[in-house]
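S.K.: Here it is, the structure, as structure tokens.
Chains as they are written, first to last, in this note's numbering: chain A, 66 to 179; chain B, 2 to 112.
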């Protein structure tokens, strides 16, 4: 049973460019969340998608946007890249919330902005 | 606003020691708490999930406890091994259905 799959693994972009990261959730999971993890910090919540809609959003600017497809896979788009956007981007999938359901994370995409 | 704190920030111990990692959170209204392991530059591996109604969970040499009323969880690692070296993160899930993470405990176990 495949877990959460993210692509690409690594990415180098120039300041001002745009980037798209991709995520396929674990089989049977319908909710996808994106997190940003700066070096030495815990992951920070970006936004969450359920039934192809953005259900909630963290404290990130509108340059960060996303999409969820009918097969539950998701994309994270970042426009007008800044040096500070360099981080590990993690995708997590889950069932609808309950005390028994946890999150499964992918291996992440390392984005470097130069 | 939920805040999660982990202490210590870093820990270096010889192989074989029993360890306790601490996690505290400010809002006791949580669905569950998850402990994760993260190897350098890698994603998160779930170790244990404790539901809000539970007191503890065990998996092999790992035991996690939860005291929701006091806003605390501990991860106990028995007989530590060099392969346990990693960063350990705790995260709480509340009614907003997002995870709030601590900054982690970086563990090094030397032979």
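Using N, Cα and C, we set each Cβ at its ideal position, and we do this for glycine too. The structure displayed is predicted, hence computed values, not measured ones.
#1: Got a sec? Which residues, its chain only, sit under 7 Å from residue 9/B by beta carbon, not counting five neighbours each side?
#2: Under 8 Å between beta-carbons, which chain A residues line up against residue 104/B? List them in chain order, please.
#3: Hey, does residue 68/B have any beta-carbon neighbour from chain A nearer than 8 Å?
#4: Taking residue 27/B as the reference, give the member of 102/B, 2/B and 41/B with the closest Cα.
#5: Measuring only the C-alpha atoms, how far is residue 130/A from residue 141/A?
#6: Touch check for the region 147-164 of chain A and the region 93-111 of chain A: three-plus C-beta pairs under 8 Å?
#7: Quickly, what does DSSP pair residue 6/B with across the bridge? List them, please.
#8: Mind the definition here: the region 29-40 of chain B touches the region 82-91 of chain B only if three or more C-beta pairs lie below 8 Å; say whether that holds.
#9: Between which two residues does the beta strand (DSSP E) harbouring residue 75/B extend?
#10: With a threshold of 7 Å on Cβ separation, who are the neighbours of residue 47/B within its own chain once the five nearest residues in sequence on each side are excluded?
#11: Distance cutoff 8 Å, beta carbons only. Does residue 6/B sit that close to anything in chain A?
#12: Note down, in chain order, all residues in the region 23-48 of chain B with a beta-carbon under 8 Å from any beta-carbon belonging to chain A.
#13: Consider the Cβ of residue 99/B: report whether some Cβ of chain D lies at a distance smaller than 8 Å.
#14: What does DSSP give as the partner residues of residue 145/A in its beta bridges?
#15: Which residues does DSSP list as the beta-bridge partners of residue 131/A?
#16: Taking the CB atoms as reference points, tell me whether residue 106/A and residue 113/A lie closer together than 8 Å.
#17: Going by CA-CA distance only, name the one from 17/B, 24/B and 16/B that's closest to residue 104/B.
#18: Excluding the 5 residues flanking residue 147/A on each side, which residues of the same chain have their C-beta closer than 7 Å to its C-beta?
#19: Would DSSP call residue 95/B helix, strand or coil?
#20: For residue 83/B, does the three-state DSSP call read helix, strand or coil?
#21: Cutting at 6 Å between CB atoms, please list the residues of its own chain near residue 175/A, excluding the five before and the five after it.
#22: Evaluate residue 71/B with the Cβ neighbour count: other Cβ atoms within 10 Å of its Cβ, from every protein chain shown; 16 or more gives buried, anything less gives exposed.
#23: Measuring straight from C-alpha to C-alpha, what distance separates residue 68/A and residue 98/B?
#24: For residue 92/B, which residues of its own chain have a beta-carbon under 6 Å away from its beta-carbon, when the five flanking residues on both sides are left out?
M.R.: In short:
#1: 106
#2: 105, 106 and 107
#3: Residue contact check for residue 68/B against chain A: no CB pair falls below 8 Å.
#4: 2/B
#5: Distance between the alpha carbons of residue 130/A and residue 141/A: 6 Å.
#6: Counting Cβ pairs under 8 Å, three or more are found: they touch.
#7: 25/B
#8: yes
#9: 73-78
#10: For residue 47/B, where only same-chain residues beyond five positions count, the Cβ hits under 7 Å are 35 and 37.
#11: no
#12: 32, 33, 35, 37, 42, 43, 44, 45, 46 and 47
#13: Annotation note: the requested chain D is absent from the structure, which comprises protein chains A and B.
#14: DSSP output for residue 145/A lists no bridge partner at all.
#15: 141/A
#16: no
#17: Out of 17/B, 24/B and 16/B, 24/B has the C-alpha closest to the C-alpha of residue 104/B.
#18: 80 and 178
#19: strand
#20: The answer is helix: DSSP assigns residue 83/B an H, G or I state.
#21: Here the set comprises 75 and 153.
#22: By the 10 Å Cβ count, residue 71/B comes out exposed.
#23: 20 Å
#24: The residues are 35, 100 and 102.
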